[in-house]
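*Asks:*
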Amino acid sequence: MYKGTLDERTITCDAISTNDEIYPTKEEEKYSCMVNENFPDHGIMVSSLAGGTLFGVAKKANIHMIASNLSPISILRGLDYVLQHGTPYKTVISLSVGGFIYNQSENDKLTDLINKGFIVVVAAGNEDIDCCKDMSNPLFHSYTGYRKAIAVGAADLSLQENIYYKTDYSNFGDCVDIYGPGEVTYPNITVNSSITNLYKKGSGTSSAAPLVAGVIASIMSEHPDIEYTNELMKKTIIDMSIKDVIMNLGSINTPNRFINNGKHNIYTPIINNNNNNNNTSNNDNNDFTSNYCGISIESNQKMMCTNGCCTNEGECIRFENHPGEKCLLENGCQEKFGYCTSIEKSIEECENELKEHKECQIDIFSILNEKAAKEEEIKEGEEIEKKFLEFINNFNSKKCKNFYKKQYTNQSICTIAKKYKSFDFIDTFDINMYNQYHNLYEHLLSYYYQDCIGYINTNYGKCFNDDTIDLIYIDDLINDNKDFDNFDDFNDFDDFDDFDFDDDDYDYDDYDNGLEQYEKNNIIQKCVELNSEQCINLYNNTNEIINNYHSCHILNNIYISNDDDNNNNNNPFNISNYIVSNSPNTKLNNNCGTILENSIQKCNKELEKYKECYNIDIDYLSEIDDFELMGKCTILESEKCIKFYNNLHHEIPICSFAEQLQRYEVLENLKEKQDNITYVCQNNIKKEMKEKAILFCHDLFLNGECIFNYNPEWNETELSQKCQIFNSEKCQAFNYNPLMDYPVCLYIQNHYYDEVEYIFSNYYSYLNYDTLICNNDINSIVDECGYALINYKKCLLNNQEIINDKDLQDHCLKFLDKECQEFYENPMKKVPICHIAQNYKSFNIITKYEKNYLIIM
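Residue numbers for the sequence shown follow the working numbering, so the first one is 49 and each next one is one higher.
1. Using beta-carbon positions only, say whether Val47 and Leu161 come within less than 9 Å of one another.
2. Closer than 7 Å by C-beta to Ala199: which residues in its own chain qualify, once you throw out the five before and the five after it? Chain order, please.
3. May I ask you to report which of helix, strand or coil DSSP gives Val200?
4. Say whether chain D places a C-beta atom closer than 9 Å to the C-beta of Asp216.
5. Beta-carbon separation of Ser142 and Val94 under 9 Å?
6. Assign Met352 to one of two classes, buried (16 or more other C-beta atoms within 10 Å of its C-beta) or exposed (fewer than that).
7. Note down, one range per segment and in chain order, each beta strand (DSSP E) of at least 3 residues found wholly within the region 232 to 275.
8. So for Pro72, helix, strand or coil by DSSP?
9. Can you round the beta-carbon distance between Phe744 and Phe756 to whole angstroms, since I take them to be within the 8 Å contact cut?
10. Buried or exposed, going by whether 16 or more other CB atoms sit within 10 Å of the CB of Gln869?
11. Quick check on DSSP: helix, strand or coil for Cys388?
12. By DSSP, does Tyr212 sit in helix, in strand, or in coil?
13. When DSSP labels each residue in this structure, what does Ile522 get in the three-state scheme?
14. Can you have a look at Ile274 and say buried or exposed, based on whether 16 or more other CB atoms are within 10 angstroms of its CB?
15. Output needed for Ala885: all residues of its chain with C-beta closer than 6 Å, excluding positions within five of it in sequence on either side, in chain order.
16. In the DSSP assignment, find the alpha helix (DSSP H) that holds Ile307 and state where it starts and stops.
17. Quick one: Cα of Glu231 to Cα of Asn355, how far?
18. At 4 residues or longer, and completely inside the region 668 to 706: list those alpha helix (DSSP H) runs for me, N to C.
19. May I ask you to report which of helix, strand or coil DSSP gives Ile893?
20. What is the rounded straight-line gap between the Cα of Gln780 and the Cα of Thr819?
21. Give, in chain order, every unbroken run of the alpha helix (DSSP H) that is at least 4 residues long and sits entirely within the region 108 to 170.
22. CA-CA distance, Asn301 and Gly221?
23. Looking at Ile149 and Ser116, is the spacing between their C-beta atoms short of 9 Å?
24. Give a yes or no on contact between the region 666 to 682 and the region 622 to 634, applying the rule of three or more CB pairs nearer than 8 Å.
25. With H, G and I counted as helix, E and B as strand and the rest as coil, what does DSSP make of Phe220?
26. Classify Cys61 as helix, strand or coil using the three-state DSSP reduction.
27. On a Cα-Cα basis, can you pick out the residue from Glu383, Gln498, Cys771 and Tyr452 that is closest to Thr476?
28. Using 8 Å as the Cβ pair cut-off and three pairs as the minimum, do the region 786 to 805 and the region 761 to 769 touch?
29. Quick one: any contact between the region 387 to 402 and the region 451 to 466, if contact means 3 or more CB pairs under 8 Å?
30. Rounded to whole angstroms, what is the Cα-Cα separation between Ile70 and His133?
31. Please report the distance separating the alpha-carbon of Lys721 from that of Gln730.
32. Using a threshold of 9 Å, state whether the C-beta atoms of Gly165 and Tyr194 are closer than that.
33. Just verifying my parser: in three-state terms, what is the DSSP assignment at Ser80?
34. Going by beta carbon distance, what residues of the same chain come within less than 8 Å of Asn67, once the five residues before and after it are set aside?
35. Return the chain-ordered list of same chain residues with a C-beta closer than 7 Å to the C-beta of Cys822, the five sequence neighbours on each side being excluded.
36. Distance check for Ile365 and Cys398, CA to CA, integer angstroms please.
Laid out in structure tokens, this is it:
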């Protein structure tokens, strides 16, 4: 642009940002870029207003554009691109976007940009609400709500000298720093070559923001020596602004400032010089014009006043400049050259106007005093509620907003008529009254919205997105066909904060594995919830659910009936939007079916491992003989089965999810089944069967062929035969876990331990010796002999150190007691392992029949 001149500048589209990525534009894209097939009309408008050659404020500024699909993530990527590639203290960012969800990333990105020296200008939004609420309020508005960027509202061009009106759509609030023009003209650039209109009209705070950005750019250009920060520039444009010229700001705490570049009042309308003295401009740059009507004295021509009243003095006063009583025939208004009326006719026309706008004239304050307007005191009675609904449904409609505006700007015929007749509602209706009505309207909407959202969250909160869930493991769950891992220590994660990470014995791998499983469990549970009938109904029948609740029904019907007047997609009170914006992550939602199917398969696989615990018929237990019953009861009373019955979801946590998806008959009434089993097992076994079982187990464990009590008198052949049987495949299988193979013996061990303890202690002692002997583990045999002799240490007098006669006497008394005498009768019977051990080491073990024994005696 301006190529070859000193004003040559750069205008390019630098990058394209989507949900998935941001990438620098290629050569052909730098001058024509868009994200999707929608023509970038909005982008053309804002860039044209900021720095366009025809309508731009900063006509010599470089313009760098980033195309975005306007999703939060694509905008964030675009802002980050500016942060990385822009020039600090020389860059103004104009954002004509916004939403109603607080996003910490957006807040942080604004902080980063401003801290690095970028100036950020944002549009206040077009919902006619206070856009400065905090993050906890449903009316929170980004980006104004973050209170960092320069926020810009929109004002209408004045129809009175030096007076502006906030547009009926512009947001307001204490964080709106400045207002700019909301009605603009910009080039009609289009792909349709048949379009002949070169320009088009635009409106909104989206227009006001780039105009303010253009003013900021021009200020920076004029003062290149000043390093403007966001805060300094905000102060600068506030100081330069025109103060207290905007009417109907929406709230008393909204700053009353209109953008100005310090030289003249930009976008000032042409004003007629015949307005009353109270509206006289002090601005030397205003272009005053005079309009005359009637018969010209000079040319004797008729001069018509086509858009106003031709007064008795021959002035043509346009309607928007409020000619008032000068339009009355009684005051000499010239009806041949313009509009005139009479007192009677004005009253008649006013009555017709009021009749046509009857629904707009709800005197809500006659029903509700100021205290009743406070949220906590609103009572729901039929009559009051009916008035509330009527008021809410009509107040913000385009028809009523135009009616109100005509009243408080004195552009209605009623402005004349009410001086001669009382009309009740409009008699005292002015801008202050309108603001009171507006505040009440917003308050009622907020009340119903909070009540509706409370109902939705209470009944359907589980159906919404959960930011605490880590979705990084979704792919693992989709592709996971491995066994479900049970981490006993990590099935309950409420106590993560109590873990002692400073403990040297702490196993971080266990923690990481458990944490991963915890996150996976959260994903599965969310899928279970989304698969519930309640959530499916919410997303399939959203409108029906909304309309089933009183407050939601009110809000829903308001914005359906006023759809032409309100952009529902940007409406902060739109409950459907709230539900959609809080809907679950798309990837999670799309893959929940696979995740849940995998969970069911895993549960089925895990249940197979516990089949012996639940595949029991109580009637069958009552019919079998006691011997078999003992075996069954042993299994059912095992630690494994007890855990299954008492804490199924701890043992098999995956089944806690699967049970919510389909019926598992075997898992129903587990406590009742366990109680029945316990009763049968404790009451159905006869005493004589107990004795039979003890005898059976005694023979099995102590007299069976797979175990032997070593006899020192055996020769090598006999011992070899015993060991051959002991090491046979059959006996190895038996000795591996005999109690599991013969549950009746486990039963008597569990129930009659004192009576049968000798059976099992002897069995395991024999098993240990037999294993040592038959497997010829020399060191273990020697060690085992040493351990066995410890029990007879007092008998081994030849190993004792004798200090004096008394010491000798004590040792002799021990040597001669019964236990020691039995030991010396046949020591190898007492410690048979030593019979073999002496082949490898001398233990000096003697018997009564050896001469050394006689010497000791």
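Even for Gly, the Cβ is constructed at its ideal location relative to N, Cα and C. Every value quoted in this text rests on a predicted model; they were computed, and no experiment measured them.
*Replies:* The short version:
1. Nothing in the structure corresponds to residue 47, since the chain is present only between 49 and 905.
2. Val170, Ala172, Thr192, Cys223, Val224 and Asp225
3. strand
4. Judged by its chain identifiers, the structure shown contains no chain D, having just a single protein chain.
5. yes
6. exposed
7. 247 to 251
8. strand
9. About 19 Å; that fails the 8 Å criterion.
10. exposed
11. coil
12. strand
13. helix
14. exposed
15. Ile829, Val830 and Cys833
16. Premise fails: Ile307 is in no alpha helix (DSSP H) and is neither H nor E.
17. 21 Å
18. 674 to 684, 687 to 694, 696 to 699 and 702 to 706
19. coil
20. 10 Å
21. 120 to 133 and 152 to 163
22. 6 Å
23. no
24. no
25. strand
26. strand
27. Tyr452
28. no
29. yes
30. 13 Å
31. 14 Å
32. no
33. coil
34. Asn117, Ser119, Ile121 and Ser122
35. Cys771, Phe774 and Asn775
36. 20 Å
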